[in-house]
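*Asks:* Residue numbers (the numbering used here): 233 to 551.
C-beta atoms are modelled at their ideal positions from N, C-alpha and C, and glycine is treated no differently.
Source: prediction; values computed, not measured.
I'd like to ask you about the structure that follows.
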Ligand code: NAD
Ligand code: AKB
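Encoded structure:
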């Protein structure tokens with residue numbers, strides 16, 4: 233477990249899909265007073281706000297980043313604030329600004345205050361030049377703006393590590409499936425939205441990707457475990473992949489997901505009406521080779537498709 237007795241943890245973009253789960257897990261491990269959730273927006277009643285300390289933070293505001301680090305004695309930052317793929321293609325300038333400049337501000341602060349940073353990357357770093365089972369080391373050449381910003385941030389992280397010794401770590405997350413938070417702005421969102429639609433009165437979903445679109449995916453519990461394991465790993469065990477480790481969970485198509493949902497909800501119907509997000513999905517790999525993560529910090533996924541579907545349906549019915 234990362235020692236943070238002498239300082240607290242800050243999570244940026246905490247009200248989003250990953251932050252909602254990550255803040256809860258970190259508070260369970262370190263105590264709620266040790267984890268400061270932050271975001272640019274207010275969301276009254278959100279668990280990150282009512283179950284611990286919350287503060288407003290726009291990651292473009294360098295002075296406020298420094299003030300929060302001083303005021304709360306921050307030692308570790310989980311930097312989740314970003315614009316995802318679909319929203320990023322709609323507004324590439326905003327995507328560049330938040331994802332790259334926002335991350336640079338966090339890295340600058342980490343350099344000044346000697347902090348450890350987790351800055352997530354994405355399978356969107358891969359473009360059509362990468363093999364469909366994407367290895368750690370391969371030509372990237374992403375075709376989405378979002379993917380380009382993620383490559384920039386991996387490179388920036390390596391520069392700050394090698395030049396200034398800042399301890400920056402990152403994972404190329406696949407599409408994440410979770411029930412605690414709604415999702416928006418991404419290409420893999422269908423794999424969360426579909427469960428909400430399946431459990432609605434109509435039990436019908438119009439999927440914006442084609443039935444055969446295979447993408448790398450992961451259940452949120454696995455992603456959180458990976459994140460905390462990477463941050464706990466001894467610094468000397470990490471390799472040149474430190475700012476963008478490939479991790480693999482599972483890989484499926486919308487059709488395969490529907491087949492599994494239908495085992496639990498036989499009346500559920502899915503129709504396919506691909507939109508512009510199909511183009512982004514087509515540029516990404518089908519699956520991921522995660523040899524470096526397995527070797528460097530012992531990564532191993534736990535959730536298969538059947539378990540994910542059971543978990544999603546059970547938890548969404550309860551919530
Ligand atoms: P999300 O869109 O659900 O949440 C992002 C949060 O950032 C939002 O709450 C938003 O309000 C906040 N934000 C936006 N601009 C901000 C700013 N200027 N200052 C502070 N906060 C700001 O995203 P997520 O799914 O939680 O993703 C978190 C990170 O993980 C991102 O870097 C994303 O690229 C990466 N990632 C996510 C997935 C996934 O499937 N969820 C997959 C790969 C990578
Ligand atoms: C998105 O679809 O934009 C994200 C991602 C894979 O980075 N879920």
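Closer than 6 Å from C-beta to any heavy atom of ligand 4: which residues, in chain order?
*Replies:* Within the structure as shown, ligand 4 is missing, the only ligands being ligand 1 and ligand 2.
*Asks:* Please state whether DSSP places residue 399 in a helix, a strand or coil.
*Replies:* If DSSP states are grouped into helix, strand and coil, residue 399 belongs with the strands.
*Asks:* Is there a Cβ from chain B that is less than 8 Å from the Cβ of residue 409?
*Replies:* The chain inventory of the structure shown lacks chain B, comprising one protein chain alone.
*Asks:* Entirely within the segment 397 to 433 and at least 4 residues each: give me those alpha helix (DSSP H) ranges in chain order.
*Replies:* 422 to 430, all fully within the segment 397 to 433.
*Asks:* Where residue 538 and residue 331 are concerned, what is the direct C-alpha to C-alpha distance, given to the nearest angstrom?
*Replies:* Distance between the alpha carbons of residue 538 and residue 331: 34 Å.
*Asks:* Per the contact definition of three or more C-beta pairs closer than 8 Å, is the segment 420 to 440 in contact with the segment 497 to 513?
*Replies:* Touching, yes.
*Asks:* Would you mind stating whether residue 337 and residue 299 have Cβ atoms separated by less than 8 Å?
*Replies:* No; because the gap between Cβ atoms is not below 8 Å, this pair is not in contact.
*Asks:* Whether or not the segment 353 to 368 and the segment 424 to 433 are in contact is what I'm after, with contact meaning three or more pairs of Cβ atoms, one per stretch, closer than 8 Å; do they touch?
*Replies:* Flag = no, the segment 424 to 433 and the segment 353 to 368 do not touch.
*Asks:* If I'm right that residue 321 touches residue 377 with Cβ under 8 Å, what's the distance once you round it to whole angstroms?
*Replies:* With a Cβ gap of about 6 Å, residue 321 and residue 377 count as contacting.
*Asks:* Could you tell me the distance, in whole angstroms, from the CA atom of residue 477 to the CA atom of residue 515?
*Replies:* The straight-line gap from Cα to Cα measures roughly 19 Å.
*Asks:* Residues in its own chain within less than 7 Å of residue 373 by CB, not counting five upstream and five downstream?
*Replies:* Cβ within range, chain order: 359, 361.
*Asks:* Count the other C-beta atoms from every protein chain shown that fall within 10 angstroms of the C-beta of residue 525, then say buried if there are 16 or more, exposed otherwise.
*Replies:* With 16 or more other Cβ atoms within 10 Å, it is buried.
*Asks:* Short of 8 Å in beta carbon distance, which residues of its chain neighbour residue 446, apart from the five on each side in sequence? Order them along the chain.
*Replies:* Cβ neighbours of residue 446 beyond the five flanking positions: 483, 484, 485, 518, 519.
*Asks:* For ligand 2, is there any heavy atom lying closer than 7 Å to the beta carbon of residue 356?
*Replies:* Flag set: Cβ of residue 356 near ligand 2.
*Asks:* Using 7 Å as the cut-off, classify the Cβ of residue 378 as near or not near the heavy atoms of ligand 2, replying yes or no.
*Replies:* Because some heavy atom of ligand 2 lies under 7 Å away, the Cβ of residue 378 counts as near it: yes.
*Asks:* Helix, strand or coil: which one does DSSP assign to residue 307?
*Replies:* Strand, per DSSP.
*Asks:* One question on the structure: do residue 450 and residue 533 come within less than 8 Å of each other, judged by their Cβ atoms?
*Replies:* Yes, Cβ-Cβ distance for residue 450 and residue 533 is below 8 Å.
*Asks:* So residue 349 is in the beta strand (DSSP E); what residue range does that whole segment cover?
*Replies:* Residue 349 -> beta strand (DSSP E) spans 348 to 350.
*Asks:* Figure out for me which residue from 267, 249, 250 has the closest Cα to the Cα of residue 238.
*Replies:* Checked all of 267, 249, 250; the closest Cα to residue 238 is 267.
*Asks:* Would you report the Cα separation of residue 407 and residue 305, rounded to the nearest angstrom?
*Replies:* For residue 407 and residue 305, the distance between alpha carbons rounds to 33 Å.
*Asks:* From the DSSP output, in three-state form, read off residue 314 for me.
*Replies:* Looking at residue 314 - three-state DSSP - the assignment turns out to be coil, as it is neither helix nor strand.
*Asks:* Short check: CB of residue 403 to CB of residue 479, under 8 Å?
*Replies:* In contact: residue 403 and residue 479 (Cβ atoms closer than 8 Å).
*Asks:* Taking only the alpha-carbon atoms, compute the straight-line gap between residue 365 and residue 521 and give it to the nearest angstrom.
*Replies:* Cα-Cα distance, rounded: 6 Å.
*Asks:* Any chance you could list the alpha helix (DSSP H) runs of at least 4 consecutive residues sitting entirely within the segment 460 to 504, in chain order?
*Replies:* Fully enclosed alpha helix (DSSP H) runs of 4 or longer: 486 to 496.
*Asks:* Would you tell me roughly how many angstroms separate the C-alpha atoms of residue 474 and residue 528, rounded to the nearest one?
*Replies:* Going by the C-alpha atoms only, they are around 9 Å apart.
*Asks:* Any chance the segment 252 to 259 sits against the segment 268 to 284, with 3 or more Cβ pairs inside 8 Å?
*Replies:* The segment 252 to 259, when compared against the segment 268 to 284, does touch it at the 8 Å Cβ threshold.
*Asks:* Please tell me whether residue 405 and residue 352 are closer than 8 Å, where the distance is taken between their beta carbons.
*Replies:* Result yes, Cβ atoms of residue 405 and residue 352 sit closer than 8 Å.
*Asks:* Give the DSSP bridge partners of residue 438, in chain order.
*Replies:* Residue 438 is bridged to 503.
*Asks:* Run through the segment 321 to 346 for me and flag every whole alpha helix (DSSP H) of 4 or more residues, listed as ranges in chain order.
*Replies:* List check, alpha helix (DSSP H) in window: 324 to 328, 334 to 345.
*Asks:* Along the chain, where does the alpha helix (DSSP H) that runs through residue 356 open and close?
*Replies:* No alpha helix (DSSP H) holds residue 356; DSSP gives it neither H nor E.
*Asks:* Could you check if residue 382 is buried or exposed, using at least 16 other CB atoms within 10 Å of its CB as the buried criterion?
*Replies:* Under this definition residue 382 is a buried residue.
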